[in-house]
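Following the numbering used here, the numbering of the sequence shown begins with 2 at its first residue and continues without gaps. Comments concern the structure below.
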Amino acid sequence: MTTISAFSPRKRRSIAGLLAIVLLAVTAAGCMPADSRTFLDRTNGLRISYHEHRLSENDILTAKAEAWAQHMAATGQLAHSNLTSNLSGLRYRALGENVAYSYPTSNTLLTIHNMFVNSAGHRANLLNSGFTHMGVGVAKDSRGRVWVAEVFATL
């Protein structure tokens, strides 16, 4: 077994630097699941095309969105959440929410994102210049439908 102390001081610094970069990248990426990150990335792509700043992920908003997407999938009811609930510890100035579901398509996540973009009210949330952060939840129900909740905030 090789340990880091078996390397020269210069090699140890290089390895330590590489580990720090990897740790920083993992930390910066947040803990948003891949399907949810797809919505954040597409939203930020849309925002950039409209010369708006990127939204940052927020773990509290993501937890709220995940719980609400799970709730909608479990009940089979498309509805908005009580936006101010389950946000303890989060100091926000404004909130917004998009919710949708779709039966499976060849690219269900893109289908839902496009539904948001093609709806004036949902697009207004996606492009709201006041929002700074976003959380996304994605859930699938027993019938294969995909449910999405996007929660936006000004922090």
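The beta-carbon is built from N, C-alpha and C at its ideal position, and this holds for glycine as well.
Original post:
Taking all protein chains shown into account, do 16 or more other C-beta atoms lie within 10 angstroms of the C-beta of S50, making it buried, or fewer, making it exposed?
Top reply: Residue numbering aside, residue 50 sits at position 49 when the sequence shown is read from its first letter. Here S50 is exposed. Its C-beta has fewer than 16 other C-beta atoms within 10 Å.
Original post:
Residue range of the alpha helix (DSSP H) that A80 falls in?
Top reply: Taking the sequence shown and counting its residues from 1, one reaches residue 80 at position 79. Careful: A80 lies outside any alpha helix (DSSP H) and carries neither H nor E.
**OP:** Taking 7 Å as the cut-off, decide whether the C-beta atoms of G131 and T155 are in contact.
**Re:** If you number the sequence shown from 1, residue 131 lands on position 130. If you number the sequence shown from 1, residue 155 lands on position 154. Cβ atoms of G131 and T155: closer than 7 Å.
Subject >> Three-state secondary structure (DSSP) of E151 >> reply: One-based indexing of the sequence shown puts residue 151 at position 150. Here E151 sits in strand by DSSP.
Original post:
Looking only at DSSP bridge pairs, what is M73 linked to?
Top reply: If you number the sequence shown from 1, residue 73 lands on position 72. Bridge partners of M73: none, in fact.
Original post:
Which first and last residues belong to the beta strand (DSSP E) in which L96 is found?
Top reply: Stepping through the sequence shown from its first residue, residue 96 is reached at position 95. From DSSP, the beta strand (DSSP E) with L96 extends over 95-103.
Original post:
How big is the Cα-Cα spacing for L47 and T85?
Top reply: Start at 1 with the first residue of the sequence shown, and residue 47 comes out as number 46. Start at 1 with the first residue of the sequence shown, and residue 85 comes out as number 84. If you take the alpha carbons of L47 and T85, they lie about 26 Å apart.
Original post:
Going along the chain, which residues of its own chain have a beta-carbon closer than 6 Å to the beta-carbon of V152, five neighbours each way excluded?
Top reply: For the purposes of this step, residue 152 is identified with residue 151 of the sequence shown, where counting begins at 1. Excluding the 5 residues flanking it on each side, V152 has same chain C-beta neighbours closer than 6 Å at L62, K65, A66, E98, G136, in chain order.
Original post:
What span of residues does the alpha helix (DSSP H) with M135 cover, start to end?
Top reply: In the sequence shown, the residue the question calls residue 135 occupies position 134. Careful: M135 lies outside any alpha helix (DSSP H), inside the beta strand (DSSP E) at 134-141.
**OP:** Compare the Cα-Cα distances from N59 to each of P105, C32, A150, M116 and report the closest residue.
**Re:** Along the sequence shown, read from residue 1 onward, the residue named residue 59 stands at position 58. Nearest in C-alpha terms to N59, of all of P105, C32, A150, M116, is C32.
Original post:
What is the DSSP secondary structure of E67, reduced to helix, strand or coil?
Top reply: Taking the sequence shown and counting its residues from 1, the one referred to as residue 67 is at position 66. Secondary structure at E67: helix, using DSSP grouped into helix, strand and coil.
Subject >> S37, DSSP secondary structure in three states >> reply: Locating residue 37 in the sequence shown gives position 36, counting from the first residue. In this structure, S37 counts as helix in the three-state DSSP scheme.
Subject >> Simplified DSSP assignment, three categories, for S57 >> reply: Working through the sequence shown from its first residue, we reach residue 57 at position 56. Three-state result, S57: strand.
Subject >> H134 vs L41 beta-carbon contact at 7 Å >> reply: For this step, residue 134 is matched to residue 133 along the sequence shown. For this step, residue 41 is matched to residue 40 along the sequence shown. Going by C-beta atoms, H134 is not nearer than 7 Å to L41.
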